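Trainee: Sequential numbering from -18 applies to the sequence shown in the numbering used here. Got a structure here, written out as structure tokens. Questions coming.
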Amino acid sequence: MNAALTVPVGLGARAYDVVVGPRLIDRAGERCAPLLKRGRTAVITDRNVGDHHGERFAVALEKAGISVDMIVIEPGEQTKSFEGLADVSDRLLALGLDRGDLIVALGGGVVGDLAGFAASIYKRGIDFIQVPTTLLAQVDSSVGGKTAIDTPRGKNLIGAFHQPRLVLADLDVLATLPAREMACGYAEVVKYGLLGDAEFFAWLEKHGAAVLEGELPALTHAVGRSVAMKAEIVAEDEKEQGRRALLNLGHTFGHALEIETGFGEALKHGEAVAAGCALAFRFSARLGLCSAEDAARAETVFTAAHLPTRLDQLPVTGMNVDALVDHMRQDKKAEGGKLTFVLARAIGDAFTAKDVDAAALRAFLIDEGAVG
Ligand code: GLY
């Protein structure tokens, strides 16, 4: 039997555990009960996740004497908006939830970001826990306390750092995830190897297929190692003043690609991250920072997972180089309009490069197939 792993996030008074393993939803009551003052929760979930796991989760809490009210929202990124936030906040108020109660985010990144942000401002802040149900949310968004909504001006622009009290990453729920969603989460897993752990990356080269097929020992190691890396980085740099920015490897290129492709089904976030990481490594190789061999290894691991790595594999072709550079300059991770990228000296050795030369970037993008 596969035991659960517990990864502590060392944030002093706001420290919490990320538990990774099978059947955690069924045993959620015993883990949540110690966090509750009154035995009352509001579980925020979306219709799809609610249909699959909502009742089982509610029963697990009720068995531990915890009362559950479900707040079911529409699935999809459009819910992560001011309107979505107002709706959820109003429903929490109508339930009369107090500060001693607990909000649970049961779902993927959209549910986690919205529920977490609502928790950060509801009655000036209420505890919440994350029960992420996608691989992407398990290895990235549920850990580290970033919460946010989108506005018409961009994604995740309004939000807060609000750490959860507990994260339960139940690996069984991934069995119902479509292969494309698994691959999207896997892109973030690969990112951890690329940015800071060459040994983990080499392990993924051998065992990536088993992770994608949901084999429990491989999945446990992949999620556990990813979460441990994120926990270590967040504990050192909670508010992204320095090292946490390394988690943005592939995201500046990726974000520009997402803007060009309309942030939707055509190119999902994880796919953009895969292409973005491959581009960041090839750009690093071109700048003489890392070897061409390392850039090729990065590409091969994504390709094996059917993830895109090149502009000509994307649903929009002939992207304009000026538009791409402009998106990268305006990326919220850039400071003062300077081109800021996470680049690499080798697999497992990423660093933040500020004020990257625009001419070199343009020449690189044109060689990659962007149109001048
Ligand atoms: N997703 C990047 C971070 O949490 O910092």
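Glycine included, each C-beta is placed from N, C-alpha and C at the ideal position. Predicted model, so just to flag it, every value in this text is computed and none were measured.
1. Between which two residues does the beta strand (DSSP E) holding K136 run?
2. Can you tell me where the alpha helix (DSSP H) holding Y103 begins and where it ends?
3. Which residues bound the alpha helix (DSSP H) around P198?
4. Considering only C-alpha positions, which residue in the set V92, H308, G10, G135 is nearest to V30?
5. Drop a sphere of 10 angstroms on the beta-carbon of K18, count the other beta-carbons inside from all chains shown, and report buried for 16 or more, exposed for fewer.
6. Identify every residue that forms a DSSP beta bridge with S48.
7. Please go through the same chain and pick out, in chain order, the residues whose beta-carbon is closer than 7 Å to the beta-carbon of L42, but skip the five residues on each side of it.
8. Is G(-9) near the ligand GLY, with its Cβ less than 7 Å from a heavy atom?
9. Does the pairing of the stretch 339 to 351 with the stretch 239 to 248 give three or more beta-carbon distances under 8 Å?
10. Do you know offhand how far A216's Cα is from F63's?
11. According to the neighbour-count rule (16 or more other Cβ atoms, all chains shown, within 10 Å of its Cβ), is E55 buried or exposed?
12. What do you get for V(-10), buried or exposed, if any count of 16 or more other CB atoms within 10 angstroms of its CB means buried?
13. Taking C-beta to C-beta, are I110 and R146 nearer than 8 Å?
14. By alpha-carbon positions, which one of I240, L228, G269 ends up nearest to C258?
15. Could you tell me which residues DSSP pairs with N301 in its beta bridges?
16. I need the straight-line Cα distance from E162 to D121, nearest angstrom please.
17. How about A118 and G189: are their beta carbons less than 8 Å apart?
18. Starting from D32, follow the alpha helix (DSSP H) in both directions and report where the run begins and ends.
19. Between the alpha carbons of E169 and A255, how many angstroms are there, rounded?
20. By the three-class DSSP mapping on this structure, what secondary structure does P(-11) have?
21. State the Cα-Cα distance for the pair A304 and G106, rounded to the nearest angstrom.
22. Hey, how far is the Cα of L346 from the Cα of V302?
23. Quick one: give me the first and last residue of the beta strand (DSSP E) that L324 is part of.
24. Let's test the definition: count the other Cβ atoms within 10 Å of the Cβ of A86 and tell me whether it reaches 16, buried, or not, exposed.
25. Measuring alpha carbon to alpha carbon, tell me which residue in L193, T201, T26 is nearest A160.
26. Nearest-angstrom Cα distance between M300 and Y(-3)?
27. Under the three-state reduction of DSSP, which class applies to Q111: helix, strand or coil?
28. Under 8 Å between C-beta atoms, does A96 make it to chain D?
29. Using the C-alpha atoms, what's the distance from T281 back to H250?
30. Measure the alpha-carbon distance for D151 versus T132 and round it to whole angstroms.
31. Among I102, D71, A276, L95, which one has its Cα closest to the Cα of A331?
32. Would DSSP call D71 helix, strand or coil?
33. Count the CB pairs spanning the stretch 165 to 182 and the stretch 307 to 319 that are closer than 8 Å, and state whether there are at least three.
34. Using DSSP with H/G/I as helix, E/B as strand and the rest coil, what is G126?
35. Just checking E43 against the ligand GLY - is the residue's beta carbon closer than 7 Å to any of the ligand's heavy atoms?
36. My assumption, with CB atoms under 8 Å, is that L66 sits in contact with A100. Please give the rounded CB distance.
Mentor: Taking the definition as stated:
1. 135 to 142
2. Per DSSP, Y103 belongs to no alpha helix (DSSP H) and is neither H nor E.
3. 197 to 217
4. V92
5. exposed
6. R21
7. A9, G10, C13, T22, V49
8. no
9. no
10. 30 Å
11. exposed
12. buried
13. yes
14. L228
15. V352
16. 14 Å
17. no
18. Here D32 belongs to no alpha helix (DSSP H), and DSSP marks it neither H nor E.
19. 8 Å
20. strand
21. 39 Å
22. 7 Å
23. 322 to 327
24. buried
25. L193
26. 43 Å
27. strand
28. No chain D is present in this structure, which holds just one protein chain.
29. 19 Å
30. 31 Å
31. A276
32. helix
33. no
34. coil
35. no
36. With a Cβ gap of about 11 Å, L66 and A100 do not count as contacting.
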